[in-house]
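Have a look at the structure below before the remarks.
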Amino acid sequence: MRAAHVMTRGEQSKPPHFGVYARIRPSKRGGVGVFAIRQIHKGTPLFYGDDEDIVWVEKSKLKRVPPEIRKMYDDFCIIKRGGGLYGCPVNFNRLTLAWFLNTSPKPNVSCDKDFRFFAARDIEPGEELTVDYSTYSELPQDGDGFGRRSKRVSSPSRRSFRKRRG
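Structure (structure tokens):
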């Protein structure tokens, strides 16, 4: 981490907790999940400030990448083109809450075409936020990809994305 600018009284900036509705906790689904820390009303945009571009990486470019790194692509990325293209964070060290959403057949979060997330219904404090991965990402098939996708795959909250190849 590096030191950030200190806000002065005259500056009009939002505090670090602005738009924060959730945090990461252990999940009964396994691993970790994203949980509401306050009431979230239907239609509320989630993950304010998480607006970095998605980097699109072709699977064919990952053949020489170590297995544990390749697994991160299956565990965290959006999957397109039958498993041949991954939508990734700019850097895996910068995973935000949106990348940790778990999947559910009865989700309380929805994803739009720009990979922005919204509360699909009212969500209570303590409730796990879930999304249906199939609404924005393809799941790799057996034998295709570097491994089966874990439950902890998620997607970013983005205002827009540019196709960049890695």
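So for the sequence shown, this note's numbering puts the first residue at 36; every next one is plus one. Ideal placement from N, C-alpha and C gives every residue a C-beta, glycine not left out. Note that the structure is predicted; figures quoted are calculated from it, not measured.
Among the options, which has the Cα closest to the Cα of residue i?
i             : options                         : result
valine 90     : Gly84, Gly122, Phe70 and Cys112 : Gly122
alanine 133   : Pro61, His52 and Asp86          : Asp86
valine 92     : Pro101, Gly119 and Phe111       : Gly119
glycine 78    : Glu162, Asp147 and Gly117       : Asp147
threonine 138 : Leu81, Ser48 and Tyr171         : Tyr171
glycine 117   : Glu173, Pro51 and Ser48         : Glu173
For residue i, count neighbouring Cβ atoms within 10 angstroms of its own Cβ and tell me buried if that reaches 16, exposed if not.
i                : result
lysine 63        : exposed
asparagine 128   : exposed
phenylalanine 53 : exposed
arginine 151     : buried
serine 195       : Here the model assigns serine 195 a pLDDT of 35, short of 50, so the residue's position is not dependable, and the following value carries that caveat. Flag for serine 195 reads exposed.
lysine 211       : Within the shown structure, residues of the chain are numbered from 36 to 201, placing residue 211 beyond reach of any answer.
isoleucine 114   : buried
If contacts are defined as beta-carbon pairs under 8 Å, then residue i and residue j qualify, I think. What distance do you get, rounded to the angstrom?
i           : j           : result
proline 142 : arginine 73 : Wrong, their Cβ atoms sit about 19 Å apart, outside the cutoff.
Given residue i, which residues of its chain have a CB within under 7 Å of its CB, disregarding the five upstream and five downstream residues?
i                 : result
valine 125        : Glu87, Asp88 and Val90
cysteine 112      : Tyr121, Gly122 and Cys123
alanine 71        : Tyr56, Ala57, Ile158, Glu159, Pro160, Gly161, Glu162 and Leu164
glycine 84        : Gly54
phenylalanine 210 : Past the edges of the chain, shown from 36 to 201, lies residue 210, and the structure says nothing about it.
Excluding sequence positions up to five away, which residues of its chain have a Cβ less than 8 Å from the Cβ of residue i?
i           : result
valine 67   : Ile59, Arg60, Pro61, Phe135 and Arg187
proline 140 : Asp167
What residues in its chain sit with their C-beta under 6 Å from that of residue i, if we drop five residues either side in the sequence?
i             : result
serine 145    : Phe153 and Ala155
isoleucine 75 : Tyr56, Ala154 and Ile158
threonine 131 : Asp85
lysine 198    : Caution applies to lysine 198, whose pLDDT of 37 falls short of 50 and renders its modelled position unreliable; the value that the coordinates give is listed next. If we look at lysine 198 and ignore the five residues flanking it on each side, its Cβ neighbours are Trp91.
Residue ranges of each alpha helix (DSSP H) within the region 88-133, 4 or longer: 102-111
Which whole runs of the beta strand (DSSP E) in the region 137-177 are 3 residues long or more, in chain order? 144-146, 152-154 and 163-166
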